Structures are given as structure tokens and as C-alpha cells.
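See structure below.
Chains as they are written, first to last, in UniProt numbering: chain A, 1 to 360; chain B, 1 to 360.
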């Protein structure tokens, strides 16, 4: 396989198995923050295989407002209504986009009702709670997918194809980065992302460092065996977390080192690059939903820039999830996959605190 | 100052103080490997302020051959001849490009003769020997410059100008990388770069990891306070060194983390990128002498690619060195600057071995 063959199929949905009319998978969206309203619900409306039929919020009033605002949403429920089993006939699957530390109970209820779950990342605020989530899903035999939208990003998939085809040789090093000016985006020091009780162990690795971390795993198709980390949190709004910013190195088997940085107080920027024995590939920008994707591949002295038509990653993600549910196949980013990230993240915070390499 | 003003002067020699006819500074080149013959001597021939007048090698025969090969070289000397003070009237300065662990004695002799010295990087094979080199130069009152050719690279200087002008805001993270397929370039497992007695503590950090390391210091105008590192040396030719490849994080003051990788067994590749609170700048390719330079600056959502006319970095470096000697000014990359790198490198190897953060 050559470079052109790999890159030519760049917008193809190489994962879709269900017919376009196999759905819709009816989705209850849980957690109605800006992400769900501005990104998730419109993406579902635009999808081939999904439809939003239920909206769930802590506040029943807000849920009903959102239900009234969007066509096709039949029910606006409070969290309590949801846990009590209201309107279970009106949805087949649940999308959980509440603060990290509140995912578990929604997934447990969904599992009780036999509903498939797409849960935002990181899947929970601690390894212990993530393990309980996986156990609940396993016991109920439901599909549990963690919402790694990078997995259905055509640019990311094509770079993995290049690696699989051996066109970059053996991978040697990975560089990854994601940063955003959180306090400019959401100028509220009391937001849940800065509250360890709701967000988990930190602010930058958990929320955005996760992107280069998980994408490195996805591209290398391998999991790190040890981590090291450096952290800093000098900004005022970051007094309760260890990491306004962080640098961490993931040691993969065979001496492949992925070195990553993340910051909640820097210009919006993201990239991931794999350098191999025969060449390299870089995706930049890589991770923000509102940016185009560009892949630069260098091999044998030749550099090729490929501009990727921007796809709606959230739409692709919802259709991938629906596709897996409708065809009875496991998603790649399943509960165990997410749990591995949780263990890595916990190790990164431990390494950062202790100034020591932590083995996984 | 705006972006255009900074980038417009991109090929200017903002450092030259001497008149073009102030020289030539007559240089004795010591160590006649491929680098000296193919890169250094031609660069000096092309310089405004230098001329090669003496060639020194372990073998007098080789030195005389090289002297005969290049116009203007008056003397071919053995190392012994050099140390004995032969032809000291024929040169004003010494360029030392022998294996790392053999720099010290040449610099000591040059200092004895009152000659200025341009010494290849890393300046020696250990901190202890580097300290002796600095002491010898200080005692003799000679100029000692370490050959960081990145310091006169226009692309690197312009990115520093952007940082100084505050156009990227406060720096937050740096990514740097350098790799080359050493065994394809020099297919000899007995080469000095793989021999700790000649090269120093390792193979990749000392030889090429030094580029992102030193360039991060140069761009940030700051020195790291702690380091972490991961190393691997599984390739057969690398049995005697800890690092066929390495990843290391430099912790600079104010929580600025520079995360770097280096490998002697990967495709040729190099970059350095600074991400700040207001924008970012990337140089890619960054470090190999035979590649053009491209700088990509992203600020306020706008990305600007600037292709830099390739300058002969070695020529610039020799002229910078001559300029400092002829105008009686200290070079930026002086002995103390090089010694700081040596201490950082030693800390990186210690951190890699122990799996622990090492403070400087």
C-alpha cells in the first residue's frame, strides 16, 4: 500500500456497517450544558443513525425548556425522573455529558434499564468509580462506549492507516499537545472543571491532556507501561488543582516515548505527531472541534500536506456509536479502553506529585 | 512591534559589529573528520571574517593532505605538533571538532598560546572536564565559544524576537525533537559517537538532544531548574550507551515545560515549537544543516508560514565567533553557557537512570 492509496480514502466512513436506514437509535441526552446543547444535540440531528428523543438535566425545568427548543425531543426529565425509570420506552441509548464525577450513577441507571451508553471522557473522576461503571455495564450486558471523538476523525484514522501499512517504519517518538484559555472561554472560577470533587484529580490532564494521551494509544495501538510528569498551577483560578498545565511522558513498549503537554491557560493549540524509522506524520490542528485538520507526512525526503475536509466529529461519533449498537459490535473505545485511560491519568498525577516514574 | 516588523528582518545579521574587512581571523581547525572537511572548512572559506590557515589531526599525514587539498591552509600539524606550539604565528583562533572527550587538551593548549577558541558541542564528555575547560579559558583570558550554530540561525533568532516582543504572550510549553538514522549515515558500530569513553554519557541526548535542549534555553532566555527523562537503547549498535533514544522534560522557572525527544535510529526529523498564552511559533525543519527552515506562527486565529532562505549556519557561526573576537565582545554561547548544558545533560542521564526528577 502506498501513501496515495492510504490518503485517498480520507473522508470514508471505513467503520460503518449498518445501513443508513437501520436506525434511528433514540438517544436520551443527560447533562444540558453548552457542549450538549451547542454540539451534541445538533450533531445527533445531523446524524444518519441517531435521534434525540429525551433530555435530562438536574433541573426538570431546564430539561423541559431544552425539550421544547429542539424538534423531536419528546421528554424533558429531571435526574430523579431518569433514575426512576421515566420514559424508558422513548429511548434506546443514553449520552452522559454531566460533570465527570456524576457519570457513574447515570450509567448505572441506564444499565439497569438495558440501555446502551455513550459516556463523555474522562469516564469518571476516579479509577474506582470507573471500575464500578465497567462492572455495571458488563453485568447488564449493555454497550458502553467512551466518547473519544478522535477515534472517528478521518485524519486520525488515516495516520493510523499509514502506521499500519508500515509507511512510517517503526514508531519511535510521539509528540502531542492540547491547550486552551479556559478562563477566557468560561470566565467563572467556580466552574466544575476546576473543582476536584466534580472533575477528578486535576484540570488539564483530565480535561484536555487526555486527547494526546488517548490518541497516542489509538495510533500506536498499544498502552503505556510507565509514565512521568511535571505539573504547575500558579494561576489564581487553579488554586485547587495540581495542573493548570502539565507535561507528561508515556513510555510505551519497545521504547516508544510519547511526550505530551496540556494547558488550560495558553492559546488554543493542538497537535499530534508520530516520528518513525522511515518517516513521520503530523496532525495540526488535531483536537478542537471547530478547526480544520491538516496532516503533514514526510517520507524519504518528501513532504506532503493534506488538508482534510472538516467533518463534524460529534456527528461521526454518534453514528459510530449507533452503528456499533445496531450491528451488535463492540466499540473500540469501550469501557475497558476508558478504564485504561483512567489508570494512566491517575499514574500521571501520582508521578507529577512524587517526581518519580510510575509503572502501570 | 508587530509580526511583520519582526519577520521582515529575517536574514539580517543583527549581531555583526565588525566591519566586513576587519578580519580575517586566522583559524586552526582541529579534528579533520567529515564534518570539518565537508562543512567547517568550506564555511570558513565562504565567511567574511575568517580564513583557515592551519589543519590539525591526530595523524600528521592526514593533516598535510587536508592542508594540500584546501587553498590557504599553510600548515598541516599533528596533535603533538599543535600542543608543542608549532605555527602559533600562523593562526589567531582554534576550532576544535574532535571527539567530545578529547576537546579539553586542545582548548588548554590554545589557551596557553592565548588563542581564541570555538569548541564543538557538547563541549566535553563530562561536567568535570568542562569545568576545567572553562577554568583554563578564564585563566588565560581567551574567548571561549561553544559551537551552537542554532544561535546564528535567522529562523531561531526571529522566533526569539517574537517572544521578546511579547507577540506569543508568556511561554507555556516547548516541544523539541531531533532524530537521524545514525547507522545509515555512518554504518560503523565502532564510531566514536557510540563509545562512552569518547562521546560522554550517551549517544542521543549528548549528540542531538542537545539541539532542542539548547535552543529551548536560547529561545526562553532561561535555564531549567529540574529535569526528567526516559531512555531506551535496544538496537544492537547501541549496547554501550543508555540512549539510542530519549525523551526528556526540562522544567524552566514559572512552570514552563520543554518536552524533547531525540533518537539516533529514526528518520531525519527536527522541530522546535513554543506555545504561549497568546500564540505559538514552530520551526520545522529546525536543526539539520542541509534543510531549509520554515517558521509557522499562529496568533489570534491566524497562521502565517514563513519560508526562510537557507543560510549556511556554519558560515554564520564562524563569522559570529570572529565578530566577537575582533570586537572584543563575549559570545552568547560562551564556556559558562556550555557548562550549563553539560550539567543539564548529566542531570538528564541521572534522571533517566533513576526514573526520578533531578533538580539542578
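Beta carbons: idealized from backbone N, C-alpha and C, even for Gly. Model, not experiment: these values are computed from the prediction.
#### Entry: In chain order, each alpha helix (DSSP H) run of at least 4 residues that lies wholly inside the region 108–161 of chain B
127–140
### Task
Kindly say whether residue 307(B), judged by its beta-carbon, lies nearer than 8 Å to any beta-carbon of chain A.
no
### Task
Answer with yes or no whether the minimum CB distance from residue 245(B) to chain A is below 8 Å.
yes
### Query
Hey, out of 84(A), 238(A), 60(A) and 94(A), whose CA is closest to residue 78(A)'s CA?
60(A)
### Message
Does residue 108(B) pass the burial test, meaning 16 or more other C-beta atoms within 10 Å, or should it be called exposed?
### Response
buried
### Message
Once the 5 residues before and after residue 149(A) are set aside, which same chain residues still bring their CB inside 8 Å of it?
### Response
Cβ neighbours of residue 149(A) beyond the five flanking positions: 289, 313, 314, 316 and 317.
### Message
Just list the residues that DSSP pairs residue 231(B) with in beta bridges.
### Response
246(B)
#### Entry: Exposed unless 16 or more other CB atoms sit within 10 angstroms - verdict on residue 114(B)
It counts as exposed.
### Task
Whole angstroms is fine: what's the gap from residue 15(B)'s alpha carbon to residue 21(B)'s?
Spanning the two alpha carbons is a distance of roughly 16 Å.
### Message
With a threshold of 8 Å, are at least 3 pairs of Cβ atoms found where one atom belongs to the region 92–99 of chain B and the other to the region 65–73 of chain B?
### Response
no
### Task
Spell out whether any CB of chain A is found under 8 Å from the CB atom of residue 275(B).
yes
### Task
Quick one: list the residues of chain A neighbouring residue 293(B), beta-carbon separation under 8 Å, in chain order.
Here the premise fails: no neighbours, minimum Cβ distance about 14 Å.
### Task
With DSSP as the reference, label residue 287(A) as helix, strand or coil.
coil
### Message
Helix, strand or coil, according to DSSP, for residue 18(B) in the structure here?
### Response
Residue state, collapsed to three classes: coil.
### Query
What residues in its chain sit with their C-beta under 8 Å from that of residue 186(B), if we drop five residues either side in the sequence?
193.
### Message
Give me, in chain order, the residues of the same chain whose beta-carbon lies closer than 6 Å to that of residue 261(A); leave out the 5 immediate sequence neighbours on both sides.
### Response
177 and 247
### Query
Which residues, in order along the region 255–284 of chain B, keep a beta-carbon less than 9 Å from a beta-carbon of chain A?
The region 255–284 of chain B vs chain A, Cβ under 9 Å: 255, 256, 257, 258, 259, 260, 261, 262, 263, 265, 266, 267, 268, 269, 271, 273, 275, 276, 277, 278, 279, 280, 282 and 284.
### Message
What are the residues in the region 215–244 of chain A lying within 7 Å of chain B by C-beta distance?
### Response
228, 230, 232 and 234
### Query
Cα-Cα, which of 139(B), 168(B) and 18(B) is closest to residue 265(A)?
168(B)
### Query
CB-CB under 7 Å to residue 37(A), same chain, minus the five flanking residues each way: which ones, in chain order?
66, listed in sequence order.
### Message
When you compare the CB of residue 175(A) with every CB in chain B, is at least one pair closer than 8 Å?
### Response
yes
### Where residue 302(B) falls, given that 16 or more other Cβ within 10 Å makes a residue buried
Counting Cβ neighbours within 10 Å, residue 302(B) comes out exposed, since fewer than 16 surround it.
### Query
Expressed to the nearest angstrom, what Euclidean distance is found between the alpha-carbon atoms of residue 81(A) and residue 255(A)?
51 Å
### Query
If you run the structure through DSSP and keep just helix, strand and coil, what is residue 311(A)?
Of the three classes helix, strand and coil, the one that applies to residue 311(A) here is coil, per DSSP.
### Query
With a cut-off of 8 Å, does the C-beta of residue 346(A) fall near any C-beta of chain B?
no
### Three-way DSSP call (helix, strand, coil) for residue 186(B) in this model
coil
### Query
Mind checking residue 172(A): buried by the 16 CB within 10 Å criterion, or exposed?
Under this definition residue 172(A) is a buried residue.
### Query
When burial is assigned at 16 or more other CB atoms within 10 Å of the CB, is residue 31(B) buried or exposed?
buried
### Message
Pull the bridge partners of residue 181(A) from the DSSP assignment, please.
### Response
265(A)
### Query
If you draw a straight line from the alpha carbon of residue 96(B) to that of residue 102(B), how long is it in whole angstroms?
9 Å
### Message
According to DSSP, is residue 212(A) part of a helix, a strand, or is it coil?
### Response
helix
### Task
Indicate the three-state DSSP secondary structure (helix, strand or coil) for residue 48(A) in the structure shown.
In the structure shown, residue 48(A) sits in coil (DSSP, three-state: anything other than H, G, I, E or B).
### Message
Output needed for residue 325(B): all residues of its chain with C-beta closer than 7 Å, excluding positions within five of it in sequence on either side, in chain order.
### Response
25, 93, 116 and 143
#### Entry: Through-space distance from residue 216(A) to residue 307(B), alpha-carbon basis
30 Å
### Message
Buried or exposed, going by whether 16 or more other CB atoms sit within 10 Å of the CB of residue 204(B)?
### Response
buried
### Message
Which residues in chain B have a C-beta closer than 9 Å to the C-beta of residue 169(A)? List them in chain order.
### Response
Neighbours of residue 169(A) across chain B, judged by C-beta separation under 9 Å: 266 and 267.
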